[in-house]
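Chains as they are written, first to last, in the UniProt record's numbering: chain A, 1 to 788; chain B, 1 to 231.
Here is the structure we will look at, set down as structure tokens.
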């Protein structure tokens, strides 16, 4: 019996090539989208799962409550790890690491920068790293050893064995390769190029090992199976409170590994999600596109009902019951779904490099993976069952007596479900397209935001010991090139905040007020080099008095509630500073967020707090030419350091990475969704024309023009699209309004977006329906009347 | 030879067609009997209820009133599923427009009733070949319906109707779409089947075709107005 179903299904496809092609195209696009999204989602949810004991690994973090500013902080004290490891049986391992540091390595004449983590031995026990050479037990025993990744080993030593080879680090320390580990997988949150054991005998380590207040270590624990997140949080908080009984601002908790990637964002001390939102969003988009394609199949199948009705009648007359017919029609949709899936696999393989580029990942279609087959099965069954459901139930319900007489039900019962499906399709499409435009608007809105400085023609270099010692000469030589407008040094790049702290004290400060400030050091020409506007007062001018002067930004003045800030005295630490100027707000971190209050202090000469050299190029200078000149000066005075540079505009642009990624993906999927919708619309138009062919003939005989016939058919569809528009607008408004609320700096929703989308969809509908109607509208009416 | 056992006994059968505004009486207290092995022709003007009657006899439709006893069992109130089950084992259909499935070959069209009655594949092939041979259409077994003439298509339709060896064949204007030569051939085939014991009820407009039957029942406005026994 089943063979018979397959046979007739196959022959139906072969015989009705147009129908099969349209359906296959829609379903193939739908399944291809779903597969790409499935692979992306699979990768996103796989983060860190390669670690043995994934569910038992936690990071110690703190919620710091500064009243006006509650934030989540991963900076921890070193001895926390030691005490957790020794004093609590539920804690099996406690790793402690620095933040990633970019260190310079020399081997012969070659210089390379690599990201290094300083770690204790438990780091290799908490996390699961694959040793290619050497072993975990010995890798970190010697304080002068280094564990490098496979790609670093290749970069330093080529194919030679790196074990026991020595590298020079930061021009002053030799490290010996003790082991090689595979590169951290792409889905690892913890990333590094090299690991160096903490040198417990160094003065810094000795100091940190007893420091229970200020420190910036990262602490990770691996706990015994069955230990709950709440228990681990209680232990961590207990240890910290025991050693800081008077510290009331912080609450410590365990942040589980399962949330590190997907739930990475914290706001006001609360976890507010992160990539999980996009995982959900894209899963919904995949489902929506697949549903739109399935609806097409339903519409096109029922559009052909007249042709299939006779077959249904005959089969019923010959003894088939409804169940057998339902199975038959499901078999047909399953076959189509299977073929579409095979085509999609081919497309996915062919388009994978492009998709990887689009989403900036290295996704693979690994056919040996059971998860993939399960996913494939779910997609095929979902598509086949969803697409086949309505046609199967609709077609199998035909009364054999009526259909053999040539009478197909065309009442409300037959037409309404199809209309509902089309409205649903267009609601989803309008939602996707409107959302895409709003996401684009939001990105443009933020991109056009006044960053508070001029990122164009601004080059940033790391300032090393050598460059700080020789800075005046370097500056002079750079200025003599004639292509540079200004040079200065700052504590951090203008595209990042490296210093957060409580703000200064001042006369009239409300009792208990705690405002978190970002901090900056700079030498002269801060305003000229970075292009920062001085709103009141002046910039530092390099006089000795500047060491007691400071700048505030606009947000700081507002947060502190100052009326005439210039000239005010501020106490910061043991020193007293005079406010000499107010700068515009500089967007240093997320351009979507409000600018923090900032305090800027003056430093000069050979100062360790001036880490960046900022170089403002003259207008019209080619960056390539400028870089060659700058490199030549840099290498002359800092021959042992690697010449590294960043363009401020590129660094600023990188802040839009996630949103632009989301925008690119939604653009493509929204485009495909509307394309599939139009296929469906064409299908439904053909159904309507088939049904009304005789009516069209009669109208033409009675004098209707081609235009009138087109409008007759189009009006029906325009009404449906109009209804979809009315439903989609409030839904989209609600969803996008909520999405925008997560950004402090966001665009206002405009009704014109919906107006534009509505107009485009209406025009598109008119075009698609008209093209389909044209053939019937221009055909000889005699033909349609004779066919009756 | 006509046997006296009754295959069909219909009493006071009623069937109405209702729209929102109009109720049409298709069968109006119609009664008739058909004996096993009989060849009965039903005639009457368009709209007199011939096809409605045939559909109810064929269990494709259910009556609104009256009684329908088939082979001694009252089936007027059978569910659709029960009717379908009874139909596929007992009744073969021949239509004016052949009603072959375009996507299936001659062989596959004839095989279809056997699939629905659950006959094993090997047995199916044998029985289909036998009946195609008997209908002299074996050489067309792999052709599709559109590749056959009208007469050949009706032979295939008859082959399909008899392949399950039904007790009753219902023919709805079986020669309506055929020329006289092909029409006569079809009527000869039906006569042969009847002589081999199959009961036949045929709806026709053709007096010529009706003469092949044993008895003509004439309908008007949904009930029997005359019966002619053919000698």
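For every residue, glycine included, the Cβ atom is placed at its ideal position computed from N, Cα and C.
On a Cα-Cα basis, can you pick out the residue from the options that is closest to residue i?
{"i": "residue 105 of chain A", "options": "A:175, A:738, A:699, A:434", "result": "A:175"}
{"i": "residue 194 of chain B", "options": "B:59, B:24, B:41, B:208", "result": "B:41"}
{"i": "residue 530 of chain A", "options": "A:261, A:183, A:416, A:453", "result": "A:453"}
{"i": "residue 83 of chain A", "options": "A:485, A:241, A:369", "result": "A:241"}
{"i": "residue 665 of chain A", "options": "A:37, A:364, A:23", "result": "A:37"}
{"i": "residue 215 of chain B", "options": "B:27, B:38, B:25, B:120", "result": "B:38"}
{"i": "residue 539 of chain A", "options": "A:545, A:547, A:551", "result": "A:551"}
{"i": "residue 765 of chain A", "options": "A:721, A:738, A:740", "result": "A:721"}
{"i": "residue 495 of chain A", "options": "A:590, A:716, A:428, A:439", "result": "A:590"}
{"i": "residue 167 of chain A", "options": "A:111, A:775, A:126", "result": "A:111"}
{"i": "residue 555 of chain A", "options": "A:523, A:594, A:615", "result": "A:594"}
{"i": "residue 485 of chain A", "options": "A:523, A:620, A:612", "result": "A:620"}
{"i": "residue 797 of chain A", "options": "A:184, A:103, A:448", "result": "Residue 797 of chain A lies beyond the residue range present for chain A, which begins at 1 and ends at 788; the question has no answer from this structure."}
Buried or exposed for residue i, please, with buried defined as at least 16 other CB atoms from any protein chain shown within 10 angstroms of its CB.
{"i": "residue 734 of chain A", "result": "exposed"}
{"i": "residue 803 of chain A", "result": "Any question about residue 803 of chain A goes unanswered here, given that chain A covers just 1 to 788."}
{"i": "residue 129 of chain A", "result": "buried"}
{"i": "residue 224 of chain A", "result": "exposed"}
{"i": "residue 638 of chain A", "result": "buried"}
{"i": "residue 155 of chain B", "result": "buried"}
{"i": "residue 328 of chain A", "result": "buried"}
{"i": "residue 40 of chain A", "result": "buried"}
{"i": "residue 3 of chain A", "result": "exposed"}
{"i": "residue 704 of chain A", "result": "buried"}
{"i": "residue 789 of chain A", "result": "Limits of chain A in this structure are 1 at one end and 788 at the other, which puts residue 789 of chain A out of reach."}
{"i": "residue 18 of chain A", "result": "exposed"}
{"i": "residue 268 of chain A", "result": "exposed"}
{"i": "residue 15 of chain B", "result": "buried"}
{"i": "residue 391 of chain A", "result": "buried"}
{"i": "residue 108 of chain B", "result": "buried"}
{"i": "residue 588 of chain A", "result": "buried"}
{"i": "residue 217 of chain A", "result": "buried"}
{"i": "residue 787 of chain A", "result": "Unreliable placement is indicated for residue 787 of chain A, whose pLDDT of 48 sits below 50; no coordinate value is reported for it."}
Could you pull the DSSP bridge partners for residue i from this structure?
{"i": "residue 145 of chain A", "result": "A:176"}
{"i": "residue 197 of chain A", "result": "A:119"}
{"i": "residue 698 of chain A", "result": "DSSP output for residue 698 of chain A lists no bridge partner at all."}
{"i": "residue 551 of chain A", "result": "A:581, A:600"}
{"i": "residue 133 of chain A", "result": "A:180"}
{"i": "residue 58 of chain A", "result": "A:221, A:256"}
{"i": "residue 536 of chain A", "result": "A:582"}
{"i": "residue 572 of chain A", "result": "A:575"}
{"i": "residue 70 of chain B", "result": "B:8, B:73"}
Identify the continuous beta strand (DSSP E) that holds residue i and give its terminal residues.
{"i": "residue 115 of chain A", "result": "110 to 119"}
{"i": "residue 93 of chain B", "result": "91 to 95"}
{"i": "residue 500 of chain A", "result": "500 to 502"}
{"i": "residue 10 of chain B", "result": "6 to 18"}
{"i": "residue 33 of chain B", "result": "23 to 35"}
{"i": "residue 218 of chain B", "result": "215 to 220"}
{"i": "residue 265 of chain A", "result": "265 to 267"}
{"i": "residue 652 of chain A", "result": "No beta strand (DSSP E) holds residue 652 of chain A; the alpha helix (DSSP H) holding it covers 648 to 653."}
{"i": "residue 488 of chain A", "result": "484 to 490"}
If residue i sits next to residue j, beta carbons under 8 Å apart, how far is it from one beta carbon to the other, in whole angstroms?
{"i": "residue 295 of chain A", "j": "residue 396 of chain A", "result": "Not confirmed; about 19 Å, so no contact."}
{"i": "residue 276 of chain A", "j": "residue 432 of chain A", "result": "Incorrect: roughly 20 Å between the Cβ atoms, too far for contact."}
{"i": "residue 78 of chain B", "j": "residue 10 of chain B", "result": "Wrong, their Cβ atoms sit about 14 Å apart, outside the cutoff."}
{"i": "residue 171 of chain B", "j": "residue 94 of chain B", "result": "4 Å"}
{"i": "residue 363 of chain A", "j": "residue 356 of chain A", "result": "6 Å"}
{"i": "residue 504 of chain A", "j": "residue 570 of chain A", "result": "4 Å"}
Within the continuous alpha helix (DSSP H) that includes residue i, where are the two ends?
{"i": "residue 34 of chain A", "result": "17 to 45"}
{"i": "residue 152 of chain B", "result": "150 to 162"}
{"i": "residue 134 of chain B", "result": "121 to 134"}
{"i": "residue 251 of chain A", "result": "Element bounds for residue 251 of chain A: not the alpha helix (DSSP H) but the beta strand (DSSP E), 250 to 256."}
{"i": "residue 357 of chain A", "result": "322 to 359"}
{"i": "residue 236 of chain A", "result": "229 to 243"}
{"i": "residue 740 of chain A", "result": "706 to 740"}
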